[in-house]
Structure formats: C-alpha cells, structure tokens
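Everything below concerns the one structure shown next.
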Ligand code: SF4
Ligand code: SF4
C-alpha cells in the first residue's frame with residue numbers, strides 16, 4: 378500500500394485556505410528557498426544519527442538496520458533534533474497510508490470545510506494526493522494544494538481533476554533573483570501560473586517582498602498582478618527573518634519588510650487590476 382512521509386497534521390487551521398481546514402504537511406521539497414521558515418521539511422532524514430543523543434526524552438534511537446527511529450509517545454516537541462540536524466531534515470516523520478491520514482481527517486470532518494496539503498512540497502507525493510483527495514471528496518469536503526509551483530500541473534492533470542484549487546507561490550519573476558532566492562529556475566512556476574489561470578484552478582498567489590529590493594519587488598508584482606487580475610487573492614508577503622537559516626540572514630539581512638513599504642506594492646497590484654491584493 379502506498380505511503381507518504383508526513384511531517385505533521387494540523388487538525389484545524391484558518392490560515393491555509395478559506396474556512397476551517399485540516400492541513401497536512403508532507404516532508405521533502407525540490408526547492409531550497411533561502412528564506413524557508415521550515416527548513417527541516419526540505420530533505421529526508423539520512424539517519425546520520427547526529428540528533429539521537431541530543432533528545433532529552435529518549436524519543437530517538439537507531440534501529441537494527443541503522444535507520445533512526447522516532448517514538449512519538451515519548452517526544453516532548455522540544456525541537457532539539459531539528460535545530461541540530463545538519464541536513465535540513467527531521468526524524469519526526471510518519472510514513473502514512475491514505476487510510477491513516479483519513480482516520481485523522483474524519484475526526485475533524487464535522488468541523489472543517491476541507492483539507493489543504495502543504496509541505497515541504499506536497500506535489501512530490503502527487504499519486505498519494507490523488508488517492509487522498511478522492512477519499513476527502515467522499516466526505517463532501519474541498520481539497521486545496523499549497524504549492525511552490527515546481528510540479529508540472531499541465532503535464533499530469535490527474536491531480537487537478539480531484540483538487541478544487543492551488544495556492545501558488547510566485548516568489549519572484551526576475552530570473553537571477555528567483556534562482557538566488559529559491560535555487561531553481563522560475564520557468565516552471567510561471568508556466569503553472571498561466572496554466573492554472575487558464576483552467577480556473579488558481580485559489581491564490583503569493584509573492585515575497587524584500588526590504589530594499591525595489592526593482593525585483595516591482596517586477597514580481599507587476600508581472601503577477603498583470604496576469605491574475607481579479608481571478609484570485611494575491612497575497613503580498615513581508616519578508617520576516619525570524620526563524621530562517623543563518624545563511625539567509627547573511628544574504629538577505631535581518632530587517633523585516635516594512636508594512637507601509639509592502640502596502641505600496643499591494644496598492645500597485647490593485648492599480649494594475651489585481652483587486653484582491655493585500656499584505657500579510
Ligand atoms: S522534538 Fe522530540 S524527538 Fe526531537 S529532540 Fe525533542 S523530544 Fe526528542
Ligand atoms: S534528522 Fe537529521 S540529524 Fe537526525 S538522523 Fe536524520 S539526518 Fe541525522
């Protein structure tokens with residue numbers, strides 16, 4: 378039976394799409410964003426063992442096959458393992474089947490509007506998502522994908538057939554700036570922006586605004602706003618250095634994007650036609 382690495386499940390969330398939703402975070406991401414606030418979700422644990430002795434609760438051990446094991450009953454969620462991991466990974470992963478996940482979704486079902494899958498990058502588990510969403514839909518709930526845009530939605534449209542919409546990151550559009558921020562080309566992201574718009578599956582778009590990057594910020598906002606118009610929400614996200622890796626703070630600085638500065642870009646987006654642009 379198919380299993381996927383689940384980093385965590387939040388039974389009730391009101392920040393992962395419209396209404397009250399169960400959010401499922403999968404482990405693993407093909408991007409490596411400088412400003413990632415959850416870098417422990419980027420890579421899979423390689424069982425190097427560096428975190429095992431640091432666990433104050435005895436929740437980590439090395440199995441006979443050399444793999445690091447996590448005991449969720451003992452874990453006190455102190456995050457010492459995550460802080461110590463040199464691989465941007467976490468030992469606190471559950472390899473779950475669709476039935477396992479649905480057991481948790483059913484518990485919250487009476488109180489939620491739907492399910493949102495996130496990460497990491499949840500589309501890395503797209504075959505799992507297709508099976509999961511089919512089950513969620515049987516409960517009459519909506520299914521949203523929170524994506525960094527690295528998955529080619531057009532090349533394999535089966536996921537969109539069972540999904541109500543995609544919350545898409547378009548972090549930047551200037552090619553060099555995108556590569557520096559994310560470690561990958563922007564091309565697939567922009568292709569997805571066009572395709573999801575065309576098929577009416579764009580739930581929202583999010584872009585990052587950085588202090589002092591006037592040219593790059595404006596290029597991103599002009600591009601996205603010119604594309605989406607009032608088709609969906611456009612979230613202008615302020616860069617916040619709290620919780621990011623040291624390399625990020627060295628390269629991007631320690632200043633949070635000023636609210637008034639970000640609001641200027643939201644205003645610009647609305648003037649261009651993205652009527653549902655706002656700062657978060
Ligand atoms: S978060 Fe859990 S597994 Fe990790 S060090 Fe703390 S108690 Fe141990
Ligand atoms: S979580 Fe990180 S530090 Fe711990 S065993 Fe895995 S790779 Fe090593």
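Residue numbers (my numbering): 378 to 657.
Glycine included, every Cβ here is placed at the ideal spot set by N, Cα and C.
**OP:** Considering only heavy atoms of ligand 2, list every residue whose Cβ is less than 7 Å from one of them, following chain order.
**Re:** 422, 423, 424, 425, 426, 427, 428, 429, 445, 458, 461, 462, 463, 464, 466, 467, 468
Original post:
Roughly how many angstroms separate the alpha carbons of residue 410 and residue 495, rounded to a whole number?
Top reply: 15 Å
Subject >> residue 453 Cβ short of 7 Å to ligand 1 heavy atom set >> reply: yes
**OP:** Return the Cβ separation of residue 637 and residue 646 in integer angstroms, given the expectation that the two are a contact with Cβ distance under 8 Å.
**Re:** With a Cβ gap of about 15 Å, residue 637 and residue 646 do not count as contacting.
Original post:
Per DSSP, which one or two residues make a beta bridge with residue 546?
Top reply: 583
Original post:
Under three-state DSSP, which class holds residue 473?
Top reply: strand
Original post:
For residue 629, does the three-state DSSP call read helix, strand or coil?
Top reply: helix
**OP:** Over the uninterrupted alpha helix (DSSP H) stretch that includes residue 515, give me the two end residues.
**Re:** 503-515
Original post:
Helix or strand or just coil, what does DSSP make of residue 530?
Top reply: coil
Subject >> Option nearest residue 479 by Cα separation, candidates 588, 433, 491 >> reply: 491
Original post:
Using a Cβ-Cβ cut-off of 8 Å (strictly less than) and excluding sequence neighbours within five positions of residue 592, which residues of its own chain qualify?
Top reply: 551
Original post:
So residue 437 is in the beta strand (DSSP E); what residue range does that whole segment cover?
Top reply: 437-439
Original post:
If you pair each beta-carbon of the region 507-519 with each one of the region 536-543, do three or more pairs fall below 8 Å?
Top reply: yes
Subject >> Minimum C-alpha distance to residue 487 - residue among 612, 388, 503, 603 >> reply: 388
Original post:
Do the region 389-401 and the region 448-464 meet, that is, are 3 or more Cβ pairs less than 8 Å apart?
Top reply: no
Subject >> Exposure label - residue 610; buried when at least 16 CB within 10 Å >> reply: buried
Original post:
With contact counted as at least three CB pairs below 8 Å, one residue from each stretch, are the region 427-436 and the region 446-462 in contact?
Top reply: yes
Subject >> residue 531 versus residue 588: straight-line alpha-carbon distance, rounded >> reply: 34 Å
Original post:
Which word fits residue 403, buried or exposed, when buried means at least 16 other C-beta atoms lie within 10 angstroms of its C-beta?
Top reply: buried
**OP:** Consider the C-beta atom of residue 433 and the heavy atoms of ligand 1; say whether any pair is separated by less than 7 Å.
**Re:** yes
Original post:
Which runs of the beta strand (DSSP E) spanning at least 3 residues fall entirely within the region 381-432, listed in chain order?
Top reply: 381-390, 398-403
Original post:
residue 650 to residue 627, Cα distance in whole Å?
Top reply: 36 Å
Subject >> Where the alpha helix (DSSP H) containing residue 605 begins and where it ends >> reply: 591-605
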